[in-house]
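Student: Chains as they are written, first to last, in our numbering: chain A, 1 to 274; chain B, 275 to 583. Note that beta-carbon positions come from the ideal geometry of N, C-alpha and C, so glycine has one too. A single structure is presented below for examination.
Here it is in structure tokens:
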């Protein structure tokens with residue numbers, strides 16, 4: 001759609017945008033207002049959107065009621081290693097797919113594509129059995145391993161490596177560079193923008209993941225924030241305001257990363273779909 | 275025969291040939307060395323579950339003894355369980371959100387496909403639910419749907435309803451309340467896909483139509499819509515598949531209640547497996563969902579054709 005020409009239609013356009021944005025943001029705004037405020041009926045409308053006697057008391061209370069520092073640390077730990085290993089595993093797999101001609105290439109490609117068609121959401125059942133047999137239940141390794149080799153990550157890296165000019169690789173080979181050297185010192189540095197996109201996409205996904213960690217981790221002290229936050233809402237007597245503060249603490253990191261790296265994020269998403 | 279017995283030249287030749295062969299083998303093995311970690315992980319955590327899960331669905335298995343083949347017994351149990359039929363019906367009902375997502379996401383994409391000041395902020399706002407952990411989404415919407423909660427408060431303030439509605443406690447509407455949450459979570463994601471499609475429409479096409487005097491509505495129906503048909507198909511398939519596999523929202527918000535009214539296919543599988551530890555029955559249920567999903571995906575794959583070769 002072209003940019004609306006007249007002032008009236010521009011105003012209408014904005015009005016519509018604001019209205020929809022309010023619907024989208026409604027639960028967020030209310031949760032934030034509830035977490036910050038300390039007085040009044042939390043469900044009063046529209047009064048509850050303006051926090052009364054704002055303070056950080058509810059946030060302090062979260063630290064008292066649950067071991068949120070531990071949850072934070074677990075989330076950071078899981079996210080960091082998921083991101084690091086995802087980039088390594090996907091980049092390694094994408095390199096030969098992008099730059100080598102070899103027998104079985106199409107087959108491997110088909111296999112990776114097939115993972116996108118299989119209903120992998122149901123895999124958590126057997127993966128739990130596997131984790132139990134490998135004695136991985138209640139370990140962070142079990143949370144990290146199943147997500148590392150993703151078709152999306154491999155495709156993002158493959159597209160990046162395909163854009164590297166062949167002349168550059170040939171020149172490196174003539175200079176006697178080994179294949180690992182080419183991978184590490186030629187391909188990876190040139191794929192930096194796509195790596196950034198993959199890092200951000202993976203980080204947000206890992207931070208937010210809920211189902212698998214909630215299945216494979218039963219001990220509270222191992223849970224990431226996205227699972228642990230439900231402990232808070234299940235804790236007898238914790239008030240709506242304290243839970244709201246916990247919710248804000250849970251989603252803030254992912255939202256901040258998203259807002260500051262929106263460009264990378266969208267590029268990663270588009271790369272994933274193409 | 276020892277090497278010493280061979281004439282020097284022949285020895286040379288054998289050595290060179292074997293070195294060359296070894297180098298050739300190393301070269302042939304190289305791609306596979308790079309691929310090994312990814313393929314091993316995919317085999318263990320993606321393909322093994324599909325294979326083992328399918329087989330275990332036809333067995334009796336309780337972790338302690340090896341699985342025992344029982345044929346269709348698990349499926350007969352499923353067929354005899356009314357809750358399973360409720361789950362299947364609910365998973366099909368869930369497909370109602372597919373058209374809603376397409377219309378909503380296209381409208382959003384059209385609204386943000388311009389360079390008005392602040393448009394990036396709006397795009398981010400629409401996308402926010404996508405980057406929010408589902409547990410927090412569930413907690414927030416639990417409050418929204420509370421009897422004294424915000425949804426009732428707003429509707430009462432607007433005089434749409436006179437008495438509060440039990441959005442998650444009335445078994446006739448709880449499923450639809452959860453569907454709205456899924457819609458709210460998904461719109462931003464599909465908006466980005468549609469936005470990418472809109473931005474790939476050549477500008478001169480619009481300009482030419484405008485010169486010919488086509489109105490904005492005509493241009494939308496005659497140019498925009500035909501140009502994004504592949505994306506509409508893709509998004510319809512993707513949202514159909516994810517609607518069939520809804521689980522987390524139910525797990526966090528209602529745990530299948532009230533009176534089993536919000537069980538979905540995969541929530542049933544979760545409940546049977548992770549809560550009741552009846553894995554074969556859980557896998558039988560998830561197999562039913564999977565078969566439907568694979569059928570949809572295969573059909574779609576034929577129609578859409580892969581863009582990767």
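Which chain C residues sit within Cβ distance under 7 Å of residue 334 of chain B?
Tutor: Among the protein chains in the structure shown, which are A and B, there is no chain C.
Student: Just the chain B side, please: which residues come within less than 9 Å of residue 262 of chain A by C-beta, in chain order?
Tutor: The residue given as residue 262 of chain A occupies position 262 in the first chain. Within chain B, the residues near residue 262 of chain A are 394, 397, 398 and 401.
Student: Residue 433 of chain B: buried (16+ other C-beta within 10 angstroms of its C-beta) or exposed?
Tutor: Residue numbering aside, residue 433 of chain B sits at position 159 when the second chain is read from its first letter. So residue 433 of chain B ends up on the exposed side.
Student: Based on Cα-Cα distance, which residue from A:82, A:170, A:61 and A:102 lies nearest to residue 140 of chain A?
Tutor: Counted from its first residue, the first chain places residue 140 of chain A at position 140. Among A:82, A:170, A:61 and A:102, the Cα nearest to that of residue 140 of chain A is on A:82.
Student: Give me the Cα-Cα distance between residue 556 of chain B and residue 126 of chain A, rounded to the nearest whole angstrom.
Tutor: By 1-based counting over the second chain, the position of residue 556 of chain B is 282. By 1-based counting over the first chain, the position of residue 126 of chain A is 126. The alpha-carbon atoms of residue 556 of chain B and residue 126 of chain A are separated by roughly 10 Å.
Student: CA-CA distance, residue 229 of chain A and residue 258 of chain A?
Tutor: Locating residue 229 of chain A in the first chain gives position 229, where the first residue counts as 1. Locating residue 258 of chain A in the first chain gives position 258, where the first residue counts as 1. Approximately 21 Å between the Cα atoms of the pair.
Student: For residue 187 of chain A, would you say it is in contact with chain B, using Cβ-to-Cβ distances shorter than 7 Å as the test?
Tutor: If you number the first chain from 1, residue 187 of chain A lands on position 187. With 7 Å as the cut-off, residue 187 of chain A does not count as an interface residue toward chain B.
Student: Check whether the Cβ of residue 571 of chain B lies closer than 7 Å to any Cβ atom in chain A.
Tutor: Position 297 of the second chain, counted from the start, is the residue given in the question as residue 571 of chain B. Yes, contact with chain A.
Student: Please return the same chain residues whose Cβ sits closer than 7 Å to the Cβ of residue 382 of chain B, not counting the five positions on each side in sequence.
Tutor: As a first step, residue 382 of chain B must be located in the second chain, where it is residue number 108. Only 400, 461 and 465 meet the Cβ criterion.
Student: Using only the alpha-carbon positions, how far apart do residue 163 of chain A and residue 395 of chain B sit?
Tutor: Position 163 of the first chain, counted from the first residue, corresponds to residue 163 of chain A. Position 121 of the second chain, counted from the first residue, corresponds to residue 395 of chain B. Cα to Cα, residue 163 of chain A sits roughly 31 Å from residue 395 of chain B.
Student: What does a CB cutoff of less than 6 Å around residue 283 of chain B pick up in its chain, not counting 5 residues either side in sequence?
Tutor: As a first step, residue 283 of chain B must be located in the second chain, where it is residue number 9. Low local confidence applies: a pLDDT of 46 at residue 283 of chain B is under 50, so the model's placement there is unreliable, with the coordinate-based value given in what follows. Same-chain partners within the cutoff: there are none.
Student: Please check the pair residue 199 of chain A and residue 87 of chain A, which I expect to be a contact at CB under 8 Å, by giving their CB distance rounded to whole angstroms.
Tutor: Position 199 of the first chain, counted from the first residue, corresponds to residue 199 of chain A. Position 87 of the first chain, counted from the first residue, corresponds to residue 87 of chain A. Sure, about 6 Å apart at Cβ, within 8 Å.
Student: From residue 508 of chain B to residue 23 of chain A, what does the alpha carbon distance come to, in whole angstroms?
Tutor: Numbered from 1 along the second chain, position 234 holds the residue referred to as residue 508 of chain B. Numbered from 1 along the first chain, position 23 holds the residue referred to as residue 23 of chain A. If you take the alpha carbons of residue 508 of chain B and residue 23 of chain A, they lie about 26 Å apart.
Student: Between residue 215 of chain A and the rest of its own chain, which residues show a CB-CB distance below 6 Å, the 5 nearest in sequence each way excluded?
Tutor: One-based indexing of the first chain puts residue 215 of chain A at position 215. Answer for residue 215 of chain A: 124 and 128, listed in chain order.
Student: Closest by CA to residue 653 of chain B, which one among B:515, B:321 and B:320?
Tutor: This structure cannot speak to residue 653 of chain B, because chain B is shown only from 275 to 583.
Student: Let me know the secondary structure DSSP gives residue 77 of chain A once reduced to three states.
Tutor: On the first chain, residue 77 of chain A is found 77 positions in, with the first residue counted as 1. If DSSP states are grouped into helix, strand and coil, residue 77 of chain A belongs with the helices.
Student: Over the uninterrupted alpha helix (DSSP H) stretch that includes residue 33 of chain A, give me the two end residues.
Tutor: Here the question's residue 33 of chain A lines up with position 33 in the first chain. From DSSP, the alpha helix (DSSP H) with residue 33 of chain A extends over 7-36.
Student: Alpha helix (DSSP H) containing residue 215 of chain A: first to last residue?
Tutor: On the first chain, position 215 is the one that residue 215 of chain A refers to. Its alpha helix (DSSP H) spans residues 211-216.
Student: In the structure shown, what three-state DSSP assignment does residue 529 of chain B receive?
Tutor: As a first step, residue 529 of chain B is located in the second chain; it is residue number 255 there, counting from the start. DSSP places residue 529 of chain B in coil when its eight states are reduced to three.
Student: Helix, strand or coil for residue 477 of chain B, going by three-state DSSP, please let me know.
Tutor: Within the second chain, numbered from 1, the residue matching residue 477 of chain B stands at position 203. Helix at residue 477 of chain B.
Student: Taking the continuous alpha helix (DSSP H) assigned at residue 138 of chain A, which residues delimit it?
Tutor: As a first step, residue 138 of chain A must be located in the first chain, where it is residue number 138. Looking at the DSSP string, residue 138 of chain A is not in any alpha helix (DSSP H), and its letter there is neither H nor E.
Student: Just the chain A side, please: which residues come within less than 8 Å of residue 420 of chain B by C-beta, in chain order?
Tutor: Within the second chain, numbered from 1, the residue matching residue 420 of chain B stands at position 146. Under the 8 Å cutoff, chain A gives 43.
Student: So, helix, strand or coil for residue 103 of chain A, using DSSP?
Tutor: One-based indexing of the first chain puts residue 103 of chain A at position 103. The answer is coil: DSSP assigns residue 103 of chain A none of H, G, I, E or B.
Student: Can you pull the chain A neighbours of residue 495 of chain B, defined as C-beta to C-beta under 7 Å?
Tutor: Your numbering for residue 495 of chain B matches position 221 in the second chain. Simply none; closest approach about 13 Å.
Student: Any idea which residues DSSP pairs residue 333 of chain B with across the strands?
Tutor: Start at 1 with the first residue of the second chain, and residue 333 of chain B comes out as number 59. Looking at the DSSP assignment, residue 333 of chain B forms a beta bridge with B:343.
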